[in-house]
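Protein chains: 2
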Amino acid sequence: MEYVLPLQRLIEKFCTLRGVGYKTAVRYAFSVLDMSEEEAAEFAGAIISAKQDIHPCEVCGNLSDGEECSICSDAARDKGVICVVEDTRAVMALEKVKEFNGLYHVLGGVISPMNNVGPEQLRIKELLSRISTGDVRELIIATNPNIEGETTAMYISKLVAPLGIKVTRLAYGVPVGADLEYADEMTLMRALDGRRQI
Amino acid sequence: MEYVLPLQRLIEKFCTLRGVGYKTAVRYAFSVLDMSEEEAAEFAGAIISAKQDIHPCEVCGNLSDGEECSICSDAARDKGVICVVEDTRAVMALEKVKEFNGLYHVLGGVISPMNNVGPEQLRIKELLSRISTGDVRELIIATNPNIEGETTAMYISKLVAPLGIKVTRLAYGVPVGADLEYADEMTLMRALDGRRQI
Numbered sequence: 012m013e014y015v016l017p018l019q020r021l022i023e024k025f026c027t028l029r030g031v032g033y034k035t036a037v038r039y040a041f042s043v044l045d046m047s048e049e050e051a052a053e054f055a056g057a058i059i060s061a062k063q064d065i066h067p068c069e070v071c072g073n074l075s076d077g078e079e080c081s082i083c084s085d086a087a088r089d090k091g092v093i094c095v096v097e098d099t100r101a102v103m104a105l106e107k108v109k110e111f112n113g114l115y116h117v118l119g120g121v122i123s124p125m126n127n128v129g130p131e132q133l134r135i136k137e138l139l140s141r142i143s144t145g146d147v148r149e150l151i152i153a154t155n156p157n158i159e160g161e162t163t164a165m166y167i168s169k170l171v172a173p174l175g176i177k178v179t180r181l182a183y184g185v186p187v188g189a190d191l192e193y194a195d196e197m198t199l200m201r202a203l204d205g206r207r208q209i
Numbered sequence: 012m013e014y015v016l017p018l019q020r021l022i023e024k025f026c027t028l029r030g031v032g033y034k035t036a037v038r039y040a041f042s043v044l045d046m047s048e049e050e051a052a053e054f055a056g057a058i059i060s061a062k063q064d065i066h067p068c069e070v071c072g073n074l075s076d077g078e079e080c081s082i083c084s085d086a087a088r089d090k091g092v093i094c095v096v097e098d099t100r101a102v103m104a105l106e107k108v109k110e111f112n113g114l115y116h117v118l119g120g121v122i123s124p125m126n127n128v129g130p131e132q133l134r135i136k137e138l139l140s141r142i143s144t145g146d147v148r149e150l151i152i153a154t155n156p157n158i159e160g161e162t163t164a165m166y167i168s169k170l171v172a173p174l175g176i177k178v179t180r181l182a183y184g185v186p187v188g189a190d191l192e193y194a195d196e197m198t199l200m201r202a203l204d205g206r207r208q209i
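Chains as they are written, first to last, in the numbering used here: chain A, 12 to 209; chain B, 12 to 209.
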């Protein structure tokens with residue numbers, strides 16, 4: 012043991028954060044030692060509060076501090092379009108764009124036989140029951156552009172097909188600002204497939 | 012406000028850690044959401060405990076969870092040599108080498124007129140009173156190799172000179188494994204000055 016026990020324990024806790032190695036954890040632990048007692052107490056309180064006061068929205072599964080999230084309870088949003096995403100991070104990413112004005116549905120993952128995740132582990136039942144209200148015109152499937160995201164998108168689109176709802180998928184292509192030289196073949200192929208007249 | 016309030020607050024707290032930007036703070040905050048309630052409670056508890064249970068050692072000023080730190084209370088260490096450092100991080104760095112078997116004295120900073128830090132803000136009085144016991148043979152001054160560290164080293168060595176104690180300074184030179192091409196002129200000059208016969 013290198014450090015005094017309370018410090019060592021704090022370092023180990025910081026190590027459990029995504030992307031934090033030992034040296035970084037040591038730096039953070041010393042940052043905490045440099046805080047006032049009050050600041051440290053606020054920090055600890057914020058951790059507890061984030062776990063206790065944030066719940067999934069009852070409607071869409073997005074992060075919320077009430078029963079419905081701020082998006083679902085916003086009367087100005089178009090309830091006819093639902094964007095289906097893997098997780099709440101995707102909601103944040105899409106909200107940043109300020110382009111989409113419909114609602115979301117957070118699946119809580121993707122179909123992945125490798126990780127023992129089947130459709131029944133995802134919030135697909137809840138999605139179907141939202142659609143069954145009859146208000147929904149379009150489902151935009153915005154799962155990640157990889158095999159599992161693709162599989163999940165196909166699964167949902169087949170499930171929804173008989174209901175006569177328009178199902179769309181985010182466009183594939185080269186990212187804006189990227190250099191073609193560094194784009195992978197799969198992306199370039201999709202970009203060619205999806206070319207548009209200008 | 013982008014995120015639900017409890018999450019936003021947690022993100023802001025993570026931003027106060029040294030070297031953490033907004034995007035990184037968001038990642039950490041989501042890591043906390045992924046923890047179990049129990050893990051989050053332990054994390055929060057570790058922050059509180061690190062602040063409450065760690066105090067400066069009464070003798071040397073190093074981090075300790077008791078009255079004396081583990082180094083000062085170790086009977087096997089040579090009480091005749093004191094290594095004077097700026098902060099507890101330097102103690103950790105030197106301890107890792109497992110070469111030094113004496114005691115430490117943490118100044119709690121360096122003399123820096125720019126930052127309004129004078130000798131009276133540092134634990135120099137405490138150092139003199141430790142020396143006055145008569146057990147100390149050598150003082151190794153290991154403040155950082157920059158102007159302020161150098162000034163502090165000079166100040167202490169002049170103060171201690173009349174007491175007839177050997178005062179030494181860490182050797183300057185090129186770091187092991189470094190490339191001379193990238194060494195700065197000051198370091199190369201010092202490395203030449205301090206050259207030794209082989």
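Beta carbons are placed, not taken as given, at the ideal position from N, Cα and C, and that holds for glycine.
Check                                                                                                               : Outcome
Where L74 of chain A falls: helix, strand or coil (DSSP)                                                            : strand
Span separating the alpha-carbon of I211 of chain B from that of I151 of chain B                                    : In the structure as shown, chain B begins at 12 and stops at 209. Residue 211 of chain B is therefore absent and cannot be evaluated.
Chain-ordered chain B contacts of R134 of chain A [CB-CB under 9 Å]                                                 : Under the 9 Å cutoff, chain B gives no residues; its nearest Cβ is about 17 Å from R134 of chain A.
Within chain B, the residues that F54 of chain A reaches when beta carbons sit closer than 7 Å                      : K24 and I58
Proximity test, Cβ basis, 9 Å: A51 of chain A and chain B                                                           : yes
Boundaries of the alpha helix (DSSP H) in which Y1 of chain B is found, first to last residue                       : Here chain B covers residues 12 to 209 and nothing more, so residue 1 of chain B does not appear.
Helix, strand or coil at Y193 of chain A according to DSSP, with G and I counted as helix                           : helix
Exposure label - D98 of chain B; buried when at least 16 CB within 10 Å                                             : buried
Burial state of Y193 of chain B (16 or more Cβ within 10 Å)                                                         : exposed
Chain-ordered residues of the segment 28-52 of chain B with a beta carbon less than 9 Å from chain E                : Although the question refers to chain E, the structure presented lacks it and instead comprises the protein chains A and B.
Where the alpha helix (DSSP H) containing V96 of chain B begins and where it ends                                   : No alpha helix (DSSP H) contains V96 of chain B, which is instead part of the beta strand (DSSP E) from V92 to V96.
For R100 of chain B, the nearest candidate out of B:N155, B:E196, B:G32 and B:E159 (CA to CA)                       : B:N155
Chain A residues whose Cβ lies nearer than 7 Å to that of P17 of chain B                                            : S60, A61, D64, I65 and D76
As assigned by DSSP and simplified to three states, the class of L21 of chain A                                     : helix
CB contact check: C80 of chain A to chain B, cutoff 9 Å                                                             : yes
With 16 other Cβ atoms within 10 Å as the buried cut-off, status of P17 of chain A                                  : buried
Host alpha helix (DSSP H) of T99 of chain B (start-end)                                                             : T99 to V108
Continuous alpha helix (DSSP H) assignments of at least 4 residues falling wholly in the segment 140-177 of chain B : 158-171
Three or more C-beta pairs below 8 Å linking the segment 62-70 of chain A and the segment 58-76 of chain B          : no
I139 of chain B to L170 of chain B span [Cα, whole Å]                                                               : At residue 139 of chain B the sequence reads Leu, which differs from the Ile that was named. Rounded to whole angstroms, L139 of chain B to L170 of chain B spans 9 Å at the Cα level.
I93 of chain B beta carbon less than 9 Å from that of I142 of chain B                                               : yes
Whole-Å CB distance - G119 of chain B paired with L133 of chain B, under 8 Å assumed                                : 6 Å
V128 of chain A vs I122 of chain A beta-carbon contact at 9 Å                                                       : yes
Euclidean distance between Cα positions of V15 of chain B and M165 of chain A                                       : 31 Å
Partners in chain B for L105 of chain A, counting only beta-carbon separations shorter than 7 Å                     : Residues of chain B passing the Cβ test: none, with the nearest at roughly 12 Å.
In DSSP terms, what S123 of chain A is bridged to                                                                   : A:V128
Where A87 of chain A sits in the DSSP three-state scheme                                                            : coil
6 Å Cβ shell around Y39 of chain A - same chain, five flanking residues per side excluded                           : F25
C-beta neighbour in chain A for Y115 of chain B, strict 9 Å                                                         : no
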